[in-house]
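Position 109 (the sequence shown) corresponds to 276 in my numbering; numbering is contiguous.
Data first, discussion second: the structure below is written as structure tokens.
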Amino acid sequence: MSPTTASQAIDDTRPASANYHANALARGIGLMERLAASPRPLTLADFHTSTQLPKSTLVRLLAVLVELEFLVRVDDQPSYRLGHKVQVLSRAYENSLDIHDVAGGPMAAAAEEVGHTCNLGVLDGDRVLHLCVEEPDRPLRFNSVAGSRDLAYCTGLGKLLLSALEPEQVAQLMPQDPWEKHTESTITTLDGLTAELQKIRQRGYALDDNERSPGLKCVAVGIMINNTTPAAVSLSGPAAEFTAAQQKLYVARLTSLAEQLAADPDFVVTITRLTSGLRS
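What follows is the structure, encoded as structure tokens:
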């Protein structure tokens, strides 16, 4: 075969959907997506109306999906629903996700950009569970470990996550006060914490101002997913490097990071699964 003939037979500039088999695969996946978005089984007529594909083509595609157990035919109209093989893929997908793989890259970029430790946390009772930690490459930095827990009432992450709850929920969650005083700035009462959480709701970020450890400051921003705040990200470092102007820059960087993570479907699935496990 001459080079000219080979070039005509395989055109690498054409999209994959131009290939017959890839096109059939894309159409089959599209049918499953339509079923996933529907609250009821769909008929052959439904598929024909929504796709404008010939019924003969749809019959062949649906028959293959039923044979492979990705779809189930439920009556003689015929109507179809999703099959158990979809759940097998779903479980495999969720099990393949790791929070560090999903969030570590964007967090590491933020940590290097501002020179402070970036931390992702979720609420676990009255404590914060650190899910992912990225530290900057500098000798003087805040050290934390993924998988560790810290107090919620005196940390930036903890107070941010508590501020997303109703006051009644916070009161039920927290132990009897007064709480342990770690520094002169530590809030130790429910009344004091309630007032602080209201300030956080109004300004949109939390601040640990030497409350957990002397000489350490931290700012935290929530990650909004489906109108809830299941997680938060923070930047922590030497208090002297957290002037009012710097804090404003850190909050802006965290806000950008939070929006980036919330827009990542893999992150949403992973954080939803992790927080559901904490609530169960």
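Virtual Cβ for every residue (Gly too), placed ideally from N, Cα, C.
field: Per-residue burial, Asn286 [other beta carbons within 10 Å of its own, 16 or more giving buried]
entry: Here the question's residue 286 lines up with position 119 in the sequence shown. Result: buried.
message: Can you check which of these residues, Pro303, Ala313, Leu307, is closest to Val295 by C-alpha distance?
response: Counted from its first residue, the sequence shown places residue 295 at position 128. The residue with the shortest Cα to Cα distance from Val295 is Ala313.
task: Quick one: measure Cβ to Cβ for Arg248 and Val239, integer angstroms, because I've assumed they're closer than 8 angstroms.
output: Position 81 of the sequence shown, counted from the first residue, corresponds to residue 248. Position 72 of the sequence shown, counted from the first residue, corresponds to residue 239. Contact holds; Cβ gap of about 5 angstroms.
query: Which residue's Cα is closest to the Cα of Gly325: Lys415, His297, Pro306?
result: Position 158 of the sequence shown, counting from 1, holds the residue named residue 325. The shortest C-alpha separation from Gly325 is found at His297.
message: Which residue marks the beginning of the alpha helix (DSSP H) containing Thr361, and which one marks its end?
response: Working through the sequence shown from its first residue, we reach residue 361 at position 194. Start and end: 357–370.
task: Confirm, please, whether the CB-CB distance from Glu378 to His349 is below 8 angstroms.
output: Along the sequence shown, read from residue 1 onward, the residue named residue 349 stands at position 182. Along the sequence shown, read from residue 1 onward, the residue named residue 378 stands at position 211. Cβ distance < 8 angstroms, so His349 and Glu378 count as in contact.
Buried versus exposed, by CB contacts within 10 Å (16 or more), Pro273: To locate residue 273, count along the sequence shown from 1; it is residue 106. Pro273 comes out buried.
message: Less than 6 angstroms between C-beta atoms, sequence neighbours within five positions excluded: which residues of the same chain meet that for Phe409?
response: Along the sequence shown, one-based indexing puts residue 409 at 242. Contacts found: Lys384.
message: Runs of 4 residues minimum, wholly inside the region 228–296: which ones carry the alpha helix (DSSP H) assignment?
response: 251–263, 266–281
- prompt: Is Val233 near Leu211, with beta carbons less than 8 angstroms apart?
  reply: Translated into the one-based positions of the sequence shown, residue 233 becomes position 66. Translated into the one-based positions of the sequence shown, residue 211 becomes position 44. Their beta carbons are not under 8 angstroms apart, which means Val233 does not touch Leu211 by this criterion.
- prompt: When burial is assigned at 16 or more other CB atoms within 10 Å of the CB, is Gly288 buried or exposed?
  reply: For the purposes of this step, residue 288 is taken as the residue at position 121 of the sequence shown. Its Cβ being crowded by 16 or more others within 10 Å, Gly288 is buried.
query: Taking buried to mean at least 16 other C-beta atoms within 10 Å of its own C-beta, is His283 buried or exposed?
result: One-based indexing of the sequence shown puts residue 283 at position 116. With 16 or more Cβ atoms within 10 Å of its Cβ, His283 is classed as buried.
message: Whole angstroms are fine: how far does the CA of Gln244 sit from the CA of Arg207?
response: As a first step, residue 207 is located in the sequence shown; it is residue number 40 there, counting from the start. As a first step, residue 244 is located in the sequence shown; it is residue number 77 there, counting from the start. Going by the C-alpha atoms only, they are around 14 angstroms apart.
message: Quick check on Gly282 - is its C-beta less than 8 angstroms from some C-beta in chain B?
response: The chain labelled as chain B is not found in the depicted structure, where only one protein chain is given.
query: Does the separation of the CB atoms of Ser330 and Ala373 fall below 8 angstroms?
result: Locating residue 330 in the sequence shown gives position 163, counting from the first residue. Locating residue 373 in the sequence shown gives position 206, counting from the first residue. Going by C-beta atoms, Ser330 is nearer than 8 angstroms to Ala373.
Per DSSP, cross-strand counterpart(s) of Gly389: Counting from one through the sequence shown, the residue named residue 389 turns up at place 222. Paired residues: Ala399.
- request: To the nearest angstrom, report how far apart Thr422 and Thr395 are at their CA atoms.
  value: Locating residue 422 in the sequence shown gives position 255, counting from the first residue. Locating residue 395 in the sequence shown gives position 228, counting from the first residue. So the two alpha carbons sit approximately 15 angstroms from each other.
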